[in-house]
Amino acid sequence: MLPPSVKLLAKREGLLSLARRSRRNILEVIPEVSLTRRIISGRLLRRFHIVTDPEANRAIFKTRIENYPKSPEAKGILQKALRHGLFVLDGDEWRWQRRALNPAFAPRNIKRLGALMSRVAEEGALRLQSKDRAVNISDEMMRTAFDVIVRVTFAGGNGQSAVPVDVVNDAIEHYLDNTGRVSILDYLGLPTWIPRPGRVRTHPTLKALKAGADAAIADRRKHPNLEDPALMDLLLDAEDPETGRKMTDEELRDNLITFLIAGHETTALTLTWALYLLAQAPEKQERASQEARLVLGARTATVDDLSQLGYIRQVLQEAMRLYPPIPMHLRTAQGTDTLCEHAVKKGDTVIVPYYTLHRHRSHWQDPDRFMPERFDDMSKIDRFAYVPFSVGPRVCIGAEFAMQESIIILATLLARFRFSPIAGKQPIPKLILTLRPNEDIWLNVEAIATEAAEA
């Protein structure tokens, strides 16, 4: 059985029909022919180009990146919360912040966070051990990923969250549910000052998020961890190596919220989809489980195990191919250009749907199948055809953090549990800022006896 997929737009439809589709799932307005064609150009209220070509992506995300900044519509989704953060900035403001933040996400610093990730993975495994057979995997993975990111971003001087975790979690969930819905108005090119449904109801949520970040910053400034600095300490010390410029508390706060939102939602979804796919493919789950048990026995995975967990890495890579956490990017052309022999004019919207790029018939063999082994040789994968963390200068700054965390958590779980589907439950991917299942994913979870556990 093929993994569930979005029902894409099979034929041209009118504006009202597109609006209905977009309210149900904005991905449903992406044309089905984007799975076979390199570019689709057209006009609603603004000219648009849907691009699924690796060479065109190279231009958009790397060689001519200055001509394709994030569209106002894309930035508008999160701009109220992250006005001074890396996610919504462009140009010189983005460049200096990226230079300042890069050292905090250097491999050596991410590796030092491995012990914390392992502790949280162990806590998650113990929760599963205590639950009934049927488990809400969506909730469990969201909690586990959230526990990791909140401890490294909102950490106080004692290493725990400086603000109540439930307060932060509730604020994020409310904000994403109301603000993260991409509207058909975004694609029609209507000005961002026209209210989008839901985005006018988030002010109390924003206030709670910002208050939490401010409290975490103030607490960490009073109680810095000089002996073993965590991510929060590194961010507090961040400065542009070229100019010496340091972040204001407002800039730091908006970036903390950026990392908090992006760092738990995307990882949780990747883990959820990976476990769902493995539950549907017992032979692939057994291979991944055997790898985990061989390397770990009954212990928790650590950062030192990563090099031996190659197939589990491939499972995660394949899950992100089928269900990229951020399934679509919007750019606005600043000047004339040519993409795939199509003329691009100033002001045109360029849409790169990672969801169909990752399932394109010209780029992938059996693109709708779950095949982790396709990542055996990464040199055969076009880096502009597989972009779960984006690509080019604006590649996700936390990509290594996310992969390290995901492998540690997934390996720990697969070494101890077997996951199987619940009959009649088939989720449909739905875009709400990130690519979520349309309803929570539940799986049957069964503990696996290991030699260490039986000894």
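Just add 130 to the spot in the sequence shown (first one is 1) and you have the numbering used here. Ideal placement from N, C-alpha and C gives every residue a C-beta, glycine not left out.
Bounding residues of the beta strand (DSSP E) (the contiguous stretch that carries residue i)
| i | result |
| --- | --- |
| G172 | I169 to R173 |
| N574 | W572 to A577 |
| F276 | No beta strand (DSSP E) holds F276; the alpha helix (DSSP H) holding it covers I267 to T283. |
| R461 | H459 to T462 |
| T466 | No beta strand (DSSP E) contains T466, which DSSP labels as neither H nor E. |
Endpoints, alpha helix (DSSP H) assigned at residue i
| i | result |
| --- | --- |
| R548 | Looking at the DSSP string, R548 is not in any alpha helix (DSSP H); the run it does join, the beta strand (DSSP E), is F547 to P551. |
| I589 | The structure shown does not extend to residue 589, since the chain is modelled only from 131 through 585, so no value can be given for it. |
| V425 | P412 to L426 |
| L446 | G440 to L452 |
| L436 | Unbroken run through L436: none, as it is neither H nor E. |
| T486 | Y484 to L487 |
| R242 | P237 to R242 |
Residue burial classification, residue i (beta-carbon count within 10 angstroms, cutoff 16)
| i | result |
| --- | --- |
| G87 | Outside the shown range of the chain (131 to 585) lies residue 87, about which nothing can therefore be said. |
| T466 | exposed |
| L146 | exposed |
| T430 | buried |
| E203 | buried |
| I353 | The amino acid at residue 353 is misidentified as Ile; the sequence shows His. Flag for H353 reads exposed. |
| A346 | buried |
| Q420 | exposed |
| D379 | exposed |
| K414 | buried |
| P371 | exposed |
| A579 | exposed |
| S152 | buried |
| N187 | buried |
Beta-carbon spacing of residue i, residue j below 8 angstroms
| i | j | result |
| --- | --- | --- |
| L246 | V282 | yes |
| F500 | L452 | yes |
| P559 | S135 | yes |
| R461 | S201 | yes |
| P551 | E569 | no |
| D363 | R383 | no |
| G427 | F235 | no |
| H214 | E381 | yes |
| F531 | Q447 | no |
Any non-hydrogen atom of the ligand HEM closer than 7 angstroms to residue i Cβ
| i | result |
| --- | --- |
| G172 | You won't find the ligand HEM in this model; it holds no ligand whatsoever. |
**Ranges of the alpha helix (DSSP H) found wholly within the stretch 347 to 380, counting only runs of at least 4** = 361 to 366
**Those runs of the alpha helix (DSSP H) which lie wholly inside the stretch 140 to 227 and span at least 4 residues** = 145 to 154, 184 to 188, 202 to 206 and 209 to 212
**Asked** Do the stretch 255 to 266 and the stretch 376 to 393 make contact, defined as three or more Cβ pairs closer than 8 angstroms?
**Response** no
**Request:** Spell out a yes or no on whether the stretch 530 to 545 and the stretch 431 to 445 are touching, meaning 3 or more CB-CB pairs, one atom from each, closer than 8 angstroms.
**Result:** yes
**Request:** Examine the Cβ distances between the stretch 165 to 176 and the stretch 469 to 479 and report whether three or more of them are shorter than 8 angstroms.
**Result:** yes
**Asked** Within the chosen definition, does the stretch 236 to 244 reach the stretch 374 to 389 through at least 3 CB pairs nearer than 8 angstroms?
**Response** no
**Asked** Between the stretch 180 to 191 and the stretch 517 to 535, do three or more beta carbon pairs fall short of 8 angstroms?
**Response** yes
**Prompt:** Touch check for the stretch 401 to 419 and the stretch 438 to 456: three-plus C-beta pairs under 8 angstroms?
**Reply:** yes
**Asked** Is the stretch 506 to 513 close to the stretch 477 to 490, with three or more CB pairs under 8 angstroms?
**Response** no
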